[in-house]
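For reference, the structure is listed below as structure tokens.
Protein chains: 2
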Amino acid sequence: MTYLIGQTAEKLGINPSTLRYYDKEGLLPFVQRSEGGIRQFCDTDFEWIRLIECLKSTGMPIKDIKQFIDWYIQGDSTLEKRRDMFYERKTAVQKQLEEVKKTLEIINYKCWYYDTAIIAKNENIRTEDIEMPEEIRQYKKRLVTGI
Amino acid sequence: MTYLIGQTAEKLGINPSTLRYYDKEGLLPFVQRSEGGIRQFCDTDFEWIRLIECLKSTGMPIKDIKQFIDWYIQGDSTLEKRRDMFYERKTAVQKQLEEVKKTLEIINYKCWYYDTAIIAKNENIRTEDIEMPEEIRQYKKRLVTGI
DNA sequence: TCTTGACTTAAACTTGACTTTAAGTATTAA
DNA sequence: TTAATACTTAAAGTCAAGTTTAAGTCAAGA
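Which chain is which? The protein sequence lines are A and G, in order.
To convert, take the position in the first sequence, counting from 1, and add 262; that gives our numbering.
To convert, take the position in the second sequence, counting from 1, and add 262; that gives our numbering.
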């Protein structure tokens, strides 16, 4: 079972131009062509593309993803390089995770702050005197103002 | 205690040009000026800037952040709008968190895969036969190939 | 055969958030 | 007074990752 570029694009939610762009950049060397030169995407190709998207989401630039794919093509002699690359990505993603958690903590504080201000009908609330969840209290301590 | 733009930039790890750019875009209307027109950043300003960075990290564009700051300046009549905005941000960040977790799951699988392949000294491992952590097994089930 | 969608190269354009440059003026601490 | 740093406007440049356009050719299913 193979798919044309348009069907693949539809299936994966990616613009066909993007797929051609990836191909041009050397990210899709494994995609087979028909005798007439038409790209034939298969399930394995979809998994590669999902992996490319995954690597992109870790903050990896296209040229580094190409490097990884080149290593893959070179075979077993590059296994260590590829492993090291994934461990680097792991560190990067763990950092991302920490940052997103911190951001969520701040946003949760703001949601609490505005809920409270709206109940009070204005922003002049002395939040020290108000009952609040412990994680909000923890975050609040780090602020100079309650903005 | 106030700080010049250069000191502020240093303290926050932001380029002075970026701070002037934010000011020009209307993100820093609260920063006071000396009689001579020199910006005087104080601790409250730092907190505003940290909040701007937080909102940016949620994927919010500059113009939407400006909208929020305009609402803040308008006062209590915009409390609901600001609350709604933060709840939207909360949804966005929760989604980010889920995506980062999924990414980490994939990367963890790859780390496991390469560790295993390196022990086997090549990639022709029949991973079905190998002992693996449960979360790896779960992820692997969703793959067509072991790539 | 016809029509739809595929292919190619090559370049131009887009987006958002800066960053840099230029060119001159003003402030301020020592 | 002087040196360091600040200020201004305005425009141009940068960056990555696409997206679009053009202009023509080719493939393949009905």
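By construction, the Cβ of each residue, glycine as well, lies at the ideal position given by its N, Cα and C atoms.
Task: Between the CA atoms of Leu281(G) and Asp338(G) - distance to the nearest angstrom - done: In the second sequence, counting from the first residue as 1, residue 338(G) sits at position 76. In the second sequence, counting from the first residue as 1, residue 281(G) sits at position 19. So the alpha carbons of these two residues sit roughly 27 Å apart.
*Residues, ordered as in the chain, of the segment 335-362 of chain G that lie near chain A by beta-carbon distance below 8 Å*: From the segment 335-362 of chain G, only Gly337, Asp338, Leu341, Glu342, Arg344, Arg345, Phe348, Tyr349, Arg351, Lys352, Val355, Gln356, Gln358, Leu359, Glu361 and Val362 have a Cβ closer than 8 Å to chain A.
Taking the alpha-carbon positions, what's the Ile381(G) to Lys343(A) distance? As a working mapping, residue 381(G) is identified with position 119 in the second sequence. As a working mapping, residue 343(A) is identified with position 81 in the first sequence. Each residue's Cα considered, the two are about 14 Å apart.
Which of helix, strand or coil DSSP assigns to Phe348(A): By one-based count along the first sequence, residue 348(A) stands at place 86. Secondary structure of Phe348(A) (DSSP, three-state): helix.
Quiz item: Should the segment 322-333 of chain A be regarded as contacting the segment 284-297 of chain A, the criterion being three or more beta carbon pairs within less than 8 Å?
Solution: Look at the beta carbons and you see the segment 322-333 of chain A touching the segment 284-297 of chain A: at least three pairs across the two are nearer than 8 Å.
TODO: Let me know the secondary structure DSSP gives Phe308(G) once reduced to three states.
DONE: Mapped onto the second sequence, residue 308(G) falls at position 46. In the structure shown, Phe308(G) sits in a helix (DSSP, three-state: H, G or I).
Exercise. Report yes if the C-beta distance between Ile398(A) and Trp374(A) is below 7 Å; otherwise report no.
Key: To locate residue 398(A), count along the first sequence from 1; it is residue 136. To locate residue 374(A), count along the first sequence from 1; it is residue 112. Taking a C-beta distance under 7 Å as the contact criterion, Ile398(A) and Trp374(A) qualify as a contact pair.
When you compare the segment 361-368 of chain A with the segment 351-366 of chain G, are there three or more beta-carbon pairs, one atom per stretch, that lie closer than 8 Å?
Flag = yes, the segment 361-368 of chain A and the segment 351-366 of chain G touch.
Problem - Residue-level contact to chain G via CB, Thr270(A), 7 Å cutoff - result: Residue mapping note: residue 270(A) aligns to position 8 of the first sequence, counting from 1. Residue contact with chain G for Thr270(A): absent (no Cβ-Cβ distance below 7 Å to any residue of chain G).
task = Have a look at Asp285(G) and Tyr401(A) and give me their C-alpha separation to the nearest angstrom.
result = Locating residue 285(G) in the second sequence gives position 23, counting from the first residue. Locating residue 401(A) in the first sequence gives position 139, counting from the first residue. Distance between the alpha carbons of Asp285(G) and Tyr401(A): 27 Å.
- With a Cβ-Cβ cutoff of 7 Å, do Ile327(A) and Leu317(A) count as a contact? What you label residue 327(A) is simply residue 65 of the first sequence in a count that begins at 1. What you label residue 317(A) is simply residue 55 of the first sequence in a count that begins at 1. Their beta carbons are under 7 Å apart, which means Ile327(A) touches Leu317(A) by this criterion.
_7 Å Cβ cutoff, Cys316(A) in contact with chain G_ = As a working mapping, residue 316(A) is identified with position 54 in the first sequence. Taking a beta-carbon distance threshold of 7 Å, Cys316(A) counts as an interface residue toward chain G.
> Do you know offhand how far Arg312(A)'s Cα is from Ala354(A)'s?
Replying inline: As a first step, residue 312(A) must be located in the first sequence, where it is residue number 50. As a first step, residue 354(A) must be located in the first sequence, where it is residue number 92. Distance between the alpha carbons of Arg312(A) and Ala354(A): 18 Å.
- [ ] In the DSSP assignment, find the alpha helix (DSSP H) that holds Phe330(G) and state where it starts and stops.
- [x] In the second sequence, the residue the question calls residue 330(G) occupies position 68. Per DSSP, the unbroken alpha helix (DSSP H) holding Phe330(G) starts and ends at Ile324 to Gln336.
How long is the line joining the alpha carbons of Leu266(A) and Glu272(A), rounded to whole angstroms? In the first sequence, residue 266(A) corresponds to position 4, counting from 1. In the first sequence, residue 272(A) corresponds to position 10, counting from 1. One alpha carbon belongs to Leu266(A), the other to Glu272(A), and they sit about 10 Å apart.
Can you look up Arg404(G) in the DSSP assignment and give me helix, strand or coil?
Along the second sequence, one-based indexing puts residue 404(G) at 142. Residue state, collapsed to three classes: coil.
### Query
How big is the Cα-Cα spacing for Lys325(A) and Glu287(A)?
Residue 325(A) sits at position 63 when you count from the first residue of the first sequence. Residue 287(A) sits at position 25 when you count from the first residue of the first sequence. The straight-line gap from Cα to Cα measures roughly 8 Å.
**Prompt:** List, in order along the chain, the chain G residues whose C-beta lies closer than 7 Å to that of Asp332(A)?
**Reply:** As a working mapping, residue 332(A) is identified with position 70 in the first sequence. None at all; the shortest Cβ gap to chain G is about 15 Å.
task: Excluding the 5 residues preceding and the 5 following Leu274(G) in the sequence, name in chain order all residues of the same chain whose CB lies nearer than 7 Å to its CB.
output: Along the second sequence, one-based indexing puts residue 274(G) at 12. Within the same chain, Cβ atoms closer than 7 Å to the Cβ of Leu274(G) are found at Phe308 and Ile311, the five residues on either side in sequence being excluded.
### Query
How would you write the range of the alpha helix (DSSP H) that Gly268(A) sits in, first residue to last?
If you number the first sequence from 1, residue 268(A) lands on position 6. Ile267 to Leu274 is the span of the alpha helix (DSSP H), which, as asked, contains Gly268(A).
What whole-angstrom Cβ distance do Ile369(G) and Thr378(A) have, given they're in contact under 8 Å? Along the second sequence, one-based indexing puts residue 369(G) at 107. Along the first sequence, one-based indexing puts residue 378(A) at 116. Between Ile369(G) and Thr378(A) a beta carbon distance of about 39 Å is seen, past the 8 Å cut, so the two are scored as non-contacting.
Can you confirm whether Thr378(G), when its beta carbon is compared against all beta carbons of chain A, has any partner nearer than 7 Å? As a position in the second sequence, residue 378(G) is number 116, starting the count at 1. Interface residue (Cβ-Cβ distance to chain A less than 7 Å): Thr378(G) is not classified as such.
State the start and end residues of the unbroken alpha helix (DSSP H) segment that holds Ser296(A).
-> Here residue 296(A) refers to the residue found at position 34 of the first sequence. Unbroken run through Ser296(A): none, as it is neither H nor E.
Exercise for the section: Classify Lys372(A) as buried or exposed, calling it buried when 16 or more other Cβ atoms lie within 10 Å of its own Cβ. Expected result: Counting from one through the first sequence, the residue named residue 372(A) turns up at place 110. Burial call: buried.
How big is the Cα-Cα spacing for Asp279(G) and Arg345(A)?
Counted from its first residue, the second sequence places residue 279(G) at position 17. Counted from its first residue, the first sequence places residue 345(A) at position 83. Before going on, a small fix: residue 279(G) reads as Ser here, not Asp. One C-alpha to the other measures close to 40 Å.
| query | Quick one: which chain G residues come within Cβ less than 7 Å of Thr365(A)? | reply | Counted from its first residue, the first sequence places residue 365(A) at position 103. The contacting residues are Cys316, Ser319, Thr320 and Val355.
task = Please name the residue, chosen from Ser296(A), Cys304(A), Met322(A) and Ile335(A), that lies closest to Glu350(A) on a Cα-to-Cα basis.
result = Here residue 350(A) is taken as the residue at index 88 of the first sequence, counted from 1. Comparing C-alpha distances from Glu350(A) to each of Ser296(A), Cys304(A), Met322(A) and Ile335(A) shows the shortest one belongs to Met322(A).
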